[in-house]
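For reference, the structure is listed below as structure tokens.
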Amino acid sequence: MTEPKDLPYTITGRELVAKIDGMRVQVLTLASGDTVPWHYHSAVHDIFVCIAGTTIVKTRGPSARHELAPGQHCVVMPNTEHEVSTIGREGCKFTIVQGVGEHDYFEVAATT
């Protein structure tokens with residue numbers, strides 16, 4: 001499983017809630033300007049649940065933009081390129097559930 005220390009980006013906050021074989025639950029905090037860059041996972045689903053602020057989850061293949069308010073969620077399927085960011089000055093906080101399977105991280109180029 002890819003560990004947060006091995007990822008090629010930094011964000012304001014990361015709290016591990018639970019981790020077992022094939023599944024991880026974290027609470028991530030993005031300040032204004034923070035981004036989890038475009039990437040995909042080959043096996044795991046990412047389930048995003050917004051806790052505070054507005055969490056933006058963009059996907060390609062299919063192309064979509066999810067603006068999550070507190071309490072709202074979206075699911076990103078394996079092999080779907082996605083990017084996570086926030087809008088506004090307050091940033092955002094969200095829970096991410098990743099599983100079931102071996103977590104990996106494949107960075108992809110951003111498009112304009």
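Residue numbers (the numbering used here): 1 to 112.
Just so you know, even glycine gets a beta-carbon here, dropped at the ideal spot from N, CA and C.
Sorting 37, 84, 105, 21 by C-alpha distance to the C-alpha of residue 67 places 84 at the top. By alpha-carbon distance to residue 33, the top candidate from 18, 54, 40 is 54.
Nearest in C-alpha terms to residue 19, of all of 108, 72, 103, is 103.
The three-state secondary structure of residue 77, taken from DSSP, is coil. Under the 10 Å beta carbon count, residue 9 is surrounded by fewer than 16 other beta carbons and is classified as exposed. Residue 94 and residue 30 have their alpha carbons spaced roughly 9 Å apart. Classified as buried, residue 81 has 16 or more neighbouring CB atoms from the shown chains inside 10 Å of its CB.
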